[in-house]
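Asks: Numbering (the numbering used here), first residue to last: 27 to 339. All C-beta atoms in this analysis are idealised placements derived from N, C-alpha and C, irrespective of residue type, glycine included. Since the model is a prediction, treat every value here as computed from it, not as a measurement. Provided herewith is a single structure, encoded as structure tokens, for subsequent inquiry.
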Ligand SMILES: [Zn+2]
């Protein structure tokens, strides 16, 4: 065991629809119990210890990515009850009312189809009618789901294929074009949905005042940070830094890498900004600096603490 963060994203209840990987308040409580409440350090203390290289092997912290409103509505009351403070890594473009379309499209595929497989089927039908059809077919000939995103055990083969087509073959613009067509065909109101997906500035301020640590997660949440130019990467983190400092009144000192994507240049920018600790999105790396700390996805904890049949249900 090494000191690590536990990574959370989506939560569901009567107001927030369930989706792949989402959990309810009761499951969060059960997970905290199975980790052991005593092992979970207050976020400020974790930051302090990590910065001084004083973490013990079984020190754990809880982390929440992506500025999601469902975290504020569902997870934060649980943390309040149990007197736990956590890291919230926020991308900031959405705080000014703009949409981050990857999250909107996730909501669309989770709520408008019988199952995620039904969405994948509809998605490939649309892709087959575009000028990218041939390129996608060719790329899939050499695609091996066992080798792609293999560090994330919870993805199915179909999930891996979809992410491969989306992120490696189509890329952001072509994916956006396909999804725009699907969203329009379903008369899905992205702007209305977007208003319910993310926290607002006031809620982030409240988290800060309740003792949680607000950290960076880039400004726009690009799918692949390491593919951006040095200038673009710099803009992503400088803008994010300014925004968070303005909201909380303190200079942020922690971050997590959106999409687990970064290059040596990214780490240099974060050092310039005075960021002391950064988190990856998995436990795969053996040798890491303080800006590459490991995190375990919460779904790996479910897999370990409950029988597989219970998860499938
Ligand atoms: Zn993220």
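Closer than 6 Å by C-beta to residue 42: which residues in its own chain qualify, once you throw out the five before and the five after it? Chain order, please.
Replies: Within the chain shown, residue 42 is the residue found at index 16, counting from 1. Answer for residue 42: 96, listed in chain order.
Asks: DSSP on residue 241, reduced to helix/strand/coil?
Replies: Within the chain shown, numbered from 1, the residue matching residue 241 stands at position 215. Correct three-state label for residue 241: strand.
Asks: Could you check what DSSP says for residue 96 in three-state terms: helix, strand or coil?
Replies: The count along the chain shown starts at 1 and reaches residue 96 at position 70. Residue 96 falls in the helix class under three-state DSSP.
Asks: Please report the distance separating the alpha-carbon of residue 197 from that of residue 64.
Replies: Here residue 197 corresponds to residue number 171 of the chain shown, with the count starting at 1. Here residue 64 corresponds to residue number 38 of the chain shown, with the count starting at 1. Cα-Cα distance, rounded: 43 Å.
Asks: Can you say whether residue 205 is buried or exposed, counting buried as having 16 or more other CB atoms within 10 angstroms of its CB?
Replies: If you number the chain shown from 1, residue 205 lands on position 179. Label assigned to residue 205: buried.
Asks: Nearest-angstrom Cα distance between residue 332 and residue 318?
Replies: Counting from one through the chain shown, the residue named residue 332 turns up at place 306. Counting from one through the chain shown, the residue named residue 318 turns up at place 292. Since pLDDT at residue 332 reaches only 49, below the 50 mark, its modelled position is unreliable, and no value is offered.
Asks: Any heavy atom of ligand 1 closer than 7 Å to the beta-carbon of residue 36?
Replies: The count along the chain shown starts at 1 and reaches residue 36 at position 10. Residue 36: no, Cβ never under 7 Å from ligand 1.
Asks: Tell me the DSSP secondary structure of residue 322 in three-state form.
Replies: Within the chain shown, the letter at position 296 stands for residue 322. Strand at residue 322.
Asks: Exposed or buried, residue 201, counting other C-beta atoms within 10 Å across all chains shown (16 or more means buried)?
Replies: Residue mapping note: residue 201 aligns to position 175 of the chain shown, counting from 1. Around the beta carbon of residue 201, a 10 Å sphere encloses 16 or more other beta carbons of the protein chains shown; the residue is thus reported as buried.
Asks: Got a sec: does ligand 1 put a non-hydrogen atom nearer than 7 Å to the Cβ of residue 284?
Replies: Translated into the one-based positions of the chain shown, residue 284 becomes position 258. The answer is yes for residue 284.
Asks: Could you compute how far the alpha carbon of residue 225 sits from the alpha carbon of residue 327?
Replies: The count along the chain shown starts at 1 and reaches residue 225 at position 199. The count along the chain shown starts at 1 and reaches residue 327 at position 301. Roughly 26 Å between the two C-alpha positions.
Asks: Which ranges would you report for the beta strand (DSSP E) in the region 284-317 if only whole runs of at least 3 residues count?
Replies: 303-305
Asks: If you measure from the CB of residue 247, is any heavy atom of ligand 1 nearer than 7 Å?
Replies: As a first step, residue 247 is located in the chain shown; it is residue number 221 there, counting from the start. At least one heavy atom of ligand 1 lies closer than 7 Å to the C-beta of residue 247.
Asks: Do you know how far the Cα of residue 275 is from the Cα of residue 209?
Replies: Numbered from 1 along the chain shown, position 183 holds the residue referred to as residue 209. Numbered from 1 along the chain shown, position 249 holds the residue referred to as residue 275. If I take the Cα positions, the gap works out to 39 Å.
Asks: Roughly how many angstroms lie between the CA atoms of residue 190 and residue 174, to the nearest whole one?
Replies: As a first step, residue 190 is located in the chain shown; it is residue number 164 there, counting from the start. As a first step, residue 174 is located in the chain shown; it is residue number 148 there, counting from the start. Cα to Cα, the separation comes out at about 8 Å.
Asks: Could you pull the start and end residues of the beta strand (DSSP E) that residue 190 belongs to?
Replies: On the chain shown, position 164 is the one that residue 190 refers to. That residue, residue 190, is in no beta strand (DSSP E); it is neither H nor E in DSSP.
Asks: Return the CA-CA distance between residue 142 and residue 182, expressed in angstroms with no decimal places.
Replies: Here residue 142 corresponds to residue number 116 of the chain shown, with the count starting at 1. Here residue 182 corresponds to residue number 156 of the chain shown, with the count starting at 1. Spanning the two alpha carbons is a distance of roughly 11 Å.
Asks: Kindly give me the distance between the Cβ atoms of residue 99 and residue 35, rounded to whole angstroms, as I take these residues to be in contact under 8 Å.
Replies: Here the question's residue 99 lines up with position 73 in the chain shown. Here the question's residue 35 lines up with position 9 in the chain shown. Not quite, the Cβ-Cβ distance comes to about 14 Å (not below 8 Å), so this is no contact.
Asks: Does the Cβ of residue 243 lie closer than 7 Å to at least one heavy atom of ligand 1?
Replies: By one-based count along the chain shown, residue 243 stands at place 217. Yes.
Asks: Assuming the contact rule is C-beta atoms closer than 8 Å, residue 284 and residue 243 should be a hit. Round their C-beta distance to whole Å, please.
Replies: For the purposes of this step, residue 284 is identified with residue 258 of the chain shown, where counting begins at 1. For the purposes of this step, residue 243 is identified with residue 217 of the chain shown, where counting begins at 1. With a Cβ gap of about 5 Å, residue 284 and residue 243 count as contacting.
Asks: Out of 77, 272, 207 and 137, state which residue places its alpha-carbon closest to the alpha-carbon of residue 315.
Replies: Your numbering for residue 315 matches position 289 in the chain shown. The shortest C-alpha separation from residue 315 is found at 77.
Asks: Can you tell which of 28, 147, 246 and 140 has its C-alpha closest to the C-alpha of residue 188?
Replies: For the purposes of this step, residue 188 is identified with residue 162 of the chain shown, where counting begins at 1. Cα-wise, what sits closest to residue 188 is 147.
Asks: State yes or no: is the C-beta of residue 15 within less than 8 Å of the C-beta of residue 75?
Replies: Lying outside 27 to 339, the shown extent of the chain, residue 15 is not represented and no answer is given.
Asks: Taking the beta strand (DSSP E) that residue 217 falls in, what are its first and last residues?
Replies: Position 191 of the chain shown, counting from 1, holds the residue named residue 217. Taken as a continuous stretch (DSSP letters only), residue 217 belongs to no beta strand (DSSP E), being part of the alpha helix (DSSP H) at 216-223.
Asks: Taking the straight line between their C-alpha atoms, what separation do you get for residue 155 and residue 89?
Replies: Position 129 of the chain shown holds residue 155. Position 63 of the chain shown holds residue 89. When rounded, the distance between both Cα atoms is 41 Å.
Asks: Which residues does DSSP pair with residue 114 in a beta bridge?
Replies: Taking the chain shown and counting its residues from 1, the one referred to as residue 114 is at position 88. Residue 114 pairs with 90 and 240.
Asks: Which same chain residues end up closer than 7 Å to residue 79 when comparing Cβ atoms and leaving out the 5 residues on each side of it in sequence?
Replies: Counting from one through the chain shown, the residue named residue 79 turns up at place 53. By the criterion of a C-beta distance shorter than 7 Å, residue 79 is surrounded by no residue of its chain, once the five residues flanking it on both sides are discounted.
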